[in-house]
Amino acid sequence: MMASRPQTNSLSYQIPSILLNAVNIVPRNNGAPALSLKGLRCAVIEKTCLRIRMLALFFVVVITSAHAVAQVDNLVKQLEHAAALITDNRDANAEKELTSILRVAPNEPAALNLLGTIRAKQGRLPEAEKFFLRAVRGDYKYVAAHMNLAHLYMLMGQPNNTISELKKVLLLDPGNAEALERLARLLMARGAIDEGIKALEDSEQSQPLSVKLLLLLGDAYLKQGKAAKAEARFQLALDQQSEETDAVLGLAQVSLLKRDANTASQFLQRARKMVATSPDTLYRFALVALGAGLYEEANGTLLAAIRLNPNDPAYFLALGTTWIKKPDLLEAEQAFRRALHLQPDNPTAQMYLGYALLEQKKYPEARHWLEKSLQKDKSVPETFFYLGQIAQEQNDDLGAIGFFKQAIALDRSYSFAHAGLGASYLRLKNYALAQQALELSVRLNPNDAKAHYNLAVLFARLKNPERAQEHMQVVEKLKNAKPNEPAGAKPFEPR
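Sequence positions in the sequence shown follow our numbering and run 1025 to 1519.
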């Protein structure tokens, strides 16, 4: 199923496009940058274009003559030779060639850009930055040098500078699909979804978007809940490439957003017939299967994705959720621990591990992970709810009430938190507040058997056997219902 999608987290240093396509940067284990030349391709060398640019530079200071033209030809050959040496990982020789060029033309942008590439390969990022900045000072319209600065700033952990350089690239070269994709993805990753969408929409007005960009825009609309706009972009992607599985899965997600399970299942069936080689696409398939309630299929698909890429914490988070649905809490716990091993400060993984431990009655460790999650992110009502459940189990109903109220402050429609609040009030014999909280919880979620049971207990204590019996009858109808995943937990979304 599914055509492989290029990884979006790789960084590439561009040697001028008239010389080479790209040199890919990948992080070393120690965090220092390393260069991977795998897949490097030689592009067609457009000597005429390079000559024109070089001649324009030299004719400012050199009288037109056969000798001057010969000098330019020699510099062109030197640049070509230096680029070829970099391709062959003969950086020391390339640097000698470039140093020779810069003695004659100290501000030649192509030579500065190539030398910056060498410094980046060596992990000498501040020096690389200086060369790239000199290249754009020498020729502000030099797109390749701006792109290299964008890649460099990303590697240096300077996203604002990365965004600035990518915007410059798009001003100089509005059709640069790579810059557009990187800019949109970076903006969305930082939570600026509206700005990322605007960048894609602005480009869409002047030229058709590629399949990759249509998928990116469709996913962004999905995050905003704009089903019609997302559907239109996924359909356009399919019109361009009928076997694009991510577009089919996008349409399945649109159907789930519209609560049209039948259509979602049809799209999933179509996606099953496609060959999957991309772990990200398998992951997306699993998310759609999760949303459609196909937990076994989601589980198997995630295991296949992990075999292809065992180092993505998001895969293990989703896998843990499928184990919870089986249920197999030990497997879920291991999946969440693996996610945390890969990303130790991930508050979502900490919260889900806390839940898995809570369900196994390992309360002290569960509380430890939930509190760690809360230190990183206080915006998730589930974290407060689970801490409230632990407080209840440890007979601290006043503490539990505080946690449940914090969960409700974040999400007033959170039925489980209202039910927990009512249960603690019931145990404290505050029957008026217990009834208020429990009745609100069942209005929000009529299928919560525990809330109905507590209402039955409440009405029995209030000497109202008719109401008590009414809620016990509901409990009987619901007793065979399958347990939920982490109560009220938000579904996973595709990256």
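Glycine is no exception: its CB is placed at the ideal position from the N, C-alpha and C atoms.
In whole angstroms, what is the alpha-carbon distance linking leucine 1136 and tyrosine 1166?
If you number the sequence shown from 1, residue 1136 lands on position 112. If you number the sequence shown from 1, residue 1166 lands on position 142. Those two C-alpha atoms are separated by around 11 Å.
Does the contact criterion of 3 or more C-beta pairs under 8 Å hold for the region 1455-1466 versus the region 1437-1446?
yes
Hey, how far is the Cα of leucine 1260 from the Cα of valine 1235?
The residue you call residue 1260 lines up with position 236 of the sequence shown. The residue you call residue 1235 lines up with position 211 of the sequence shown. Using only the alpha carbons, I get a separation of about 8 Å.
Residue interval of the alpha helix (DSSP H) (run including leucine 1457):
If you number the sequence shown from 1, residue 1457 lands on position 433. Segment 1455-1468, the alpha helix (DSSP H) holding leucine 1457.
So for valine 1086, helix, strand or coil by DSSP?
Locating residue 1086 in the sequence shown gives position 62, where the first residue counts as 1. Residue placement at valine 1086 is poorly supported in this model, since its pLDDT is 40, which falls under 50; the coordinates are not used for a value here.
Same chain, Cβ closer than 7 Å to glutamine 1430, five either side skipped, listed in chain order
Walking along the sequence shown from the start, residue 1430 turns up at place 406. Within the same chain, glutamine 1430 has close Cβ partners Phe1408.
By how many angstroms is the C-alpha of aspartate 1226 removed from the C-alpha of valine 1499?
Taking the sequence shown and counting its residues from 1, one reaches residue 1499 at position 475. Taking the sequence shown and counting its residues from 1, one reaches residue 1226 at position 202. For valine 1499 and aspartate 1226, the distance between alpha carbons rounds to 55 Å.
Around the Cβ of lysine 1487, are there at least 16 other Cβ atoms within 10 angstroms (buried) or fewer (exposed)?
Counting from one through the sequence shown, the residue named residue 1487 turns up at place 463. So lysine 1487 counts as exposed.
Inter-residue spacing [alpha-carbon to alpha-carbon] between lysine 1503 and lysine 1250
Reading the sequence shown from its first residue, position 479 is the one you call residue 1503. Reading the sequence shown from its first residue, position 226 is the one you call residue 1250. The alpha-carbon atoms of lysine 1503 and lysine 1250 are separated by roughly 37 Å.
Helix, strand or coil at asparagine 1333 according to DSSP, with G and I counted as helix
Counting from 1 along the sequence shown, the entry for residue 1333 is found at position 309. Asparagine 1333: coil per DSSP, three-state reduction.
What number of angstroms, rounded off, separates the C-alpha of phenylalanine 1427 from the C-alpha of asparagine 1469?
If you number the sequence shown from 1, residue 1427 lands on position 403. If you number the sequence shown from 1, residue 1469 lands on position 445. C-alpha separation (whole angstroms): 20 Å.
Nearest-angstrom Cα distance between threonine 1287 and alanine 1295?
For this step, residue 1287 is matched to residue 263 along the sequence shown. For this step, residue 1295 is matched to residue 271 along the sequence shown. Each residue's alpha carbon lies about 12 Å from the other.
Judging by CA-CA distance, which residue of Pro1405, Ile1110, Gly1215 is the nearest neighbour of lysine 1247?
Indexing the sequence shown from 1 puts residue 1247 at position 223. Closest option to lysine 1247, Cα to Cα, is Gly1215.
Can you give me the start and stop residues for the alpha helix (DSSP H) that alanine 1316 sits inside?
Counted from its first residue, the sequence shown places residue 1316 at position 292. That residue, alanine 1316, is in no alpha helix (DSSP H); it is neither H nor E in DSSP.
Does DSSP put leucine 1502 in a helix, in a strand, or in coil?
Position 478 of the sequence shown, counted from the start, is the residue given in the question as residue 1502. Residue state, collapsed to three classes: helix.
Which of helix, strand or coil DSSP assigns to glycine 1162
Translated into the one-based positions of the sequence shown, residue 1162 becomes position 138. In the structure shown, glycine 1162 sits in a helix (DSSP, three-state: H, G or I).
Looking at C-beta atoms only, is the number of pairs between the region 1396-1404 and the region 1413-1424 that lie closer than 8 Å three or more?
no
Rounded C-alpha distance that separates proline 1150 from leucine 1366:
Along the sequence shown, one-based indexing puts residue 1150 at 126. Along the sequence shown, one-based indexing puts residue 1366 at 342. Rounded to the nearest angstrom, the two C-alpha atoms are 29 Å apart.
If contacts are defined as beta-carbon pairs under 8 Å, then arginine 1584 and alanine 1174 qualify, I think. What distance do you get, rounded to the angstrom?
For the chain, the structure presents residues 1025 to 1519; residue 1584 sits outside this window and is missing.
Do you know offhand how far asparagine 1172's Cα is from serine 1403's?
Stepping through the sequence shown from its first residue, residue 1172 is reached at position 148. Stepping through the sequence shown from its first residue, residue 1403 is reached at position 379. Each residue's Cα considered, the two are about 37 Å apart.
Between valine 1160 and the rest of its own chain, which residues show a CB-CB distance below 8 Å, the 5 nearest in sequence each way excluded?
Along the sequence shown, read from residue 1 onward, the residue named residue 1160 stands at position 136. Counting only Cβ-Cβ distances below 8 Å, and skipping sequence neighbours, we find Pro1133, Tyr1166, Ala1169, His1170, Leu1173.
Whole angstroms are fine: how far does the CA of alanine 1310 sit from the CA of proline 1337?
Translated into the one-based positions of the sequence shown, residue 1337 becomes position 313. Translated into the one-based positions of the sequence shown, residue 1310 becomes position 286. Going from the Cα of proline 1337 to the Cα of alanine 1310 covers about 15 Å.
What's the call for lysine 1349, buried or exposed, on a 16-neighbour Cβ count within 10 Å?
By 1-based counting over the sequence shown, the position of residue 1349 is 325. It counts as buried.
Based on Cα-Cα distance, which residue from Trp1393, Pro1388, Tyr1387, Lys1386 lies nearest to alanine 1373?
What you label residue 1373 is simply residue 349 of the sequence shown in a count that begins at 1. Nearest C-alpha to alanine 1373: Trp1393.
Going by the beta-carbon positions, is the gap between leucine 1382 and glutamine 1418 smaller than 8 Å?
Counted from its first residue, the sequence shown places residue 1382 at position 358. Counted from its first residue, the sequence shown places residue 1418 at position 394. Not closer than 8 Å, so no.
DSSP on glycine 1216, reduced to helix/strand/coil?
What you label residue 1216 is simply residue 192 of the sequence shown in a count that begins at 1. It is alanine, not glycine, that sits at residue 1216 in the sequence shown. Reduced to three states, the DSSP call for alanine 1216 is coil.
Is the beta carbon of arginine 1209 less than 8 Å from the beta carbon of leucine 1238?
By one-based count along the sequence shown, residue 1209 stands at place 185. By one-based count along the sequence shown, residue 1238 stands at place 214. Contact: no.
Element boundaries [alpha helix (DSSP H), containing arginine 1114]:
The sequence position of residue 1114 within the sequence shown is 90, counting from 1. No alpha helix (DSSP H) contains arginine 1114, which DSSP labels as neither H nor E.
Backbone CA spacing between glutamine 975 and valine 1272 [nearest angstrom]:
Because the chain spans 1025 through 1519 in this model, residue 975 falls outside it and cannot be assessed.
Where lysine 1191 falls: helix, strand or coil (DSSP):
On the sequence shown, position 167 is the one that residue 1191 refers to. Helix at lysine 1191.
On the three-state DSSP scale, how would you describe aspartate 1421?
Against the sequence shown, residue 1421 aligns to sequence position 397. Of the three classes helix, strand and coil, the one that applies to aspartate 1421 here is helix, per DSSP.
Helix, strand or coil at valine 1100 [DSSP, three-state]
Looking up residue 1100 in the sequence shown gives position 76. Looking at valine 1100 - three-state DSSP - the assignment turns out to be helix.
Among Ala1213, Gln1182, Gly1199, whose alpha-carbon lies nearest the alpha-carbon of glutamine 1229?
Position 205 of the sequence shown holds residue 1229. Answer by Cα proximity: Gly1199.
Please report the straight-line C-alpha distance between glutamine 1384 and alanine 1461, rounded to a whole angstrom.
Walking along the sequence shown from the start, residue 1384 turns up at place 360. Walking along the sequence shown from the start, residue 1461 turns up at place 437. Rounded to the nearest angstrom, the two C-alpha atoms are 27 Å apart.
Does the beta-carbon distance from leucine 1109 to isoleucine 1125 come in below 8 Å?
As a working note, residue 1109 is residue 85 in the sequence shown. As a working note, residue 1125 is residue 101 in the sequence shown. Not in contact: leucine 1109 and isoleucine 1125 (Cβ atoms no closer than 8 Å).
Can you look up serine 1403 in the DSSP assignment and give me helix, strand or coil?
Counted from its first residue, the sequence shown places residue 1403 at position 379. Coil, per DSSP.
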